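Below is one structure; the comments refer to it alone.
2 protein chains.
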Amino acid sequence: MPVLLIHGGAGRIAPDRRDAYRAGLAAALDAGFAGLAAGGTALDAVCAAVAAMEDDAAAFNAGTGAALTAAGTVECDAAVMDGAGRVGAIACVSNARNPVRLARKVLDTSPHVLLVGPGAEALEPEPIDPATLITPASRAAWRRWQARGAKPEGTATCGAVALDQAGRLAAATSTGGVLGQAPGRVGDAPIPGAGTWADARVAISCTGRGEAFLRTGTARALASAVERDDATDLAIAQRLAEVRSASGEGGLIALLADGSIAFGFDTPQLAWGWRRSAGATVEEAWRVDSEPGVTVVRGAGQRDAATLHDLPDRPDGA
Amino acid sequence: MPVLLIHGGAGRIAPDRRDAYRAGLAAALDAGFAGLAAGGTALDAVCAAVAAMEDDAAAFNAGTGAALTAAGTVECDAAVMDGAGRVGAIACVSNARNPVRLARKVLDTSPHVLLVGPGAEALEPEPIDPATLITPASRAAWRRWQARGAKPEGTATCGAVALDQAGRLAAATSTGGVLGQAPGRVGDAPIPGAGTWADARVAISCTGRGEAFLRTGTARALASAVERDDATDLAIAQRLAEVRSASGEGGLIALLADGSIAFGFDTPQLAWGWRRSAGATVEEAWRVDSEPGVTVVRGAGQRDAATLHDLPDRPDGA
């Protein structure tokens, strides 16, 4: 029973942009699920889904249309990891149309896990002019950010987790970072154990204020909880509470080896979607306007067991 | 009761170099413990201890004398983290005499956690010519590596964990990476949750084949085990077994909030040392030739409770 679960970032999604997000999620589910249904690997599926979101400049902050740094440049970060512990990750890359595919190339061909800057760019087989990743909208957003002051803001990181017919898990995350970030800044997205994780039991992709996810080791801590058979919904709520206590906010998606789908967020919105099939039956859902909280959709035959937990109050009262 | 625990890398330490390692460990303990004994912070202590090892070109692979990349260049990585979840980290930096102090500057002054390359170097207050970090010995080692072929090798990463009189924990790690690594490669040392970690319960610094520590999220997984009150020695042995199953090897040091000292390694040697005081009594030990395994030295009044666990066999039979 293959499953694909994706996110297109946690944050405030303005009502007039929600249709673009919905269309982007649907296209990414199509792109990732086609191979899964045909018996392809979870690793290929998460790469295909994330690459589709990278190519979508209308909604997501990754690849084309990624947020600009304080210097007005594009710096992309991405990671891909499978349940066998294989990882490829890149950061501060400006010459890749699909950063997630460059991360995949690191996974496939490098003895290393994480490459940054020119050392990562040297592996890109089809380098592009960095200016082609900048869109009129991303430039306009950067001009507005400049006009308002220097506090970095916003995120629409995208990610995917998948389970294939052979029972393998994989996760991928890709981001342009935070609008107005310092050049050279790396967030949680490309860091195994922070924003991206996969092992034999669970695959995870995170989105939100990356510094808080790095400070709390979100993905690896959630994987430890899954290893202990903790209740998934409570374990996710605990991770989000830790992120909040580190002055952050955001969300995450997690897919368990039994096919259970889980996601949680404490931002106003999370763009999420999933698709799975059992025989001739295909189930799917995607939303960009659901309420913050934690949702778990169990494996086949348990799909009514969704649960929702309120998150603890913010320590700062916000 | 302040405690300082340090390491100078896991690997094979040739007999004719052990005196240099011993001298370096003793000097680093002196540099880090003086402030602790005077009531200074754990954060200052780990920075001082690691900076001393960075300045020691005779033994350690960090700062001056760091291992060279495949391109014959120096790229330093470092992180510092305290028990309150504050982190600063830098990677691929060539212009800092003391990379750990640049990481500390990120912690103290940046809204970000991890900065790499020129974006990190821009924060260095006293930039140096990268060539000054290259020693005749590091150049000679690189020439030998070139002559033998392209497989990256070796590590003598250094790190420190400390507990101060106010009960605060901190950790720091610094490395030149792996001899012959690809330019732009980042290992586990500067990654919170992989090679470096501190929270209210435990401070951790790792050393070894960085890719395997990234693949297994070593430090954050150990912190999760400490949070669960797992037996420290078994939890460390489990992490080392995971690293080994990810085709790696290495070691780590961990300091608990109750002052318990722990370290483990499965390489031939680990350079380790610790010093602590209670009233007028100062205890200390450092070794570069002890047997692989896991050692725990409990808090005051329990110092005879050291335990040693054999590690599981290598899956590859090596």
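Residue numbers (my numbering), protein chains in the order written: chain A, 72 to 389; chain B, 72 to 389.
Idealized CB from N, CA, C, for every residue including glycine.
Source: prediction; values computed, not measured.
- In summary, no residue of the segment 118-151 of chain B has a CB separated from any CB of chain A by less than 8 Å.
- Secondary structure note for F104 of chain B: its alpha helix (DSSP H) is the uninterrupted segment 89-108.
- Chain-order list of chain A residues neighbouring T287 of chain B: G156, by C-beta distance under 8 Å.
- Contact check for I205 of chain B against V187 of chain B fails: the beta carbons are separated by 9 Å or more.
- Burial state of G330 of chain A is buried, judged by a 10 Å Cβ sphere holding 16 or more other Cβ atoms.
- Assigned with DSSP and collapsed to three states, V359 of chain B falls in coil, not helix or strand.
- Among the residues facing chain A, Q252 of chain B is included, as its CB has a counterpart in that chain under 9 Å away.
- Along the segment 192-208 of chain B, there is no position whose C-beta sits under 7 Å from a C-beta of chain A.
- Between the alpha carbons of A102 of chain B and G322 of chain B lies a distance of about 23 Å.
- Neighbours of L186 of chain A across chain B, judged by C-beta separation under 8 Å: A253, G255, R256, V257.
- In the three-state DSSP reduction, P196 of chain B falls in the coil class, being neither helix nor strand.
- In the DSSP annotation of this structure, the continuous segment of the alpha helix (DSSP H) that includes D115 of chain A starts and ends at 113-126.
- Under DSSP, L341 of chain B takes part in a beta bridge, and its partners are B:A81.
- DSSP places D148 of chain B in the strand class (E or B) of the three-state scheme.
- At a cut-off of 3 residues, the continuous stretches assigned as beta strand (DSSP E) that sit fully inside the segment 261-329 of chain B are 267-269, 273-279, 321-327.
- In this structure, DSSP gives V249 of chain B a state outside helix and strand, which the three-state scheme calls coil.
- Taken in chain order, the members of the segment 258-281 of chain A whose beta-carbon sits within less than 9 Å of a beta-carbon on chain B are G258, D259, I262, P263, G264, A265, W268, D270, G281.
- The beta carbon of G335 of chain B does not come within 9 Å of any beta carbon belonging to chain A, so the residue lies off that interface.
- Looking at B:A81, B:I77, B:T140, B:N132, the one whose alpha-carbon comes closest to that of A120 of chain B is B:I77.
- Only those residues of the segment 314-329 of chain B whose C-beta falls short of 7 Å from the nearest C-beta of chain A are listed: A317.
- Counting only the Cα atoms, R210 of chain B lies some 36 Å from T140 of chain A.
- As computed with DSSP, V171 of chain B is found in no beta bridge at all.
- Under the 10 Å beta carbon count, P86 of chain B is surrounded by fewer than 16 other beta carbons and is classified as exposed.
- Taking a Cβ-Cβ threshold of 7 Å, the residues of chain B close to A162 of chain A are V187, in chain order.
- Within the DSSP bridge table, the entry for C229 of chain A names A:S245 as partners.
- Here G154 of chain A is actually not in contact with L293 of chain A; their C-beta atoms are around 15 Å apart, not less than 8 Å.
- Proximity of R291 of chain B to chain A, defined by a Cβ-Cβ separation below 9 Å, is satisfied.
- If you look at A212 of chain B, you'll find it in the alpha helix (DSSP H) that goes 207-219.
- DSSP, reduced to helix, strand and coil, places T203 of chain B within a helical segment of the structure shown.
- Taking C-beta separations shorter than 7 Å and ignoring five residues to either side along the sequence, the partners of D360 of chain A in its chain run R89, Q340, following chain order.
- Comparing alpha carbon positions, the residue from A:D304, A:I332, A:R346 closest to G364 of chain A is A:D304.
- Taking 9 Å as the cut-off, the Cβ atoms of V164 of chain A and V117 of chain A do not count as close.
- CA-to-CA, the gap between G106 of chain B and L100 of chain B works out to about 11 Å.
- In the three-state scheme derived from DSSP, where H, G and I count as helix and E and B as strand, T180 of chain B is classed as helix.
- With respect to the 9 Å criterion, S295 of chain B and A296 of chain A are classified as neighbours on the basis of their beta carbons.
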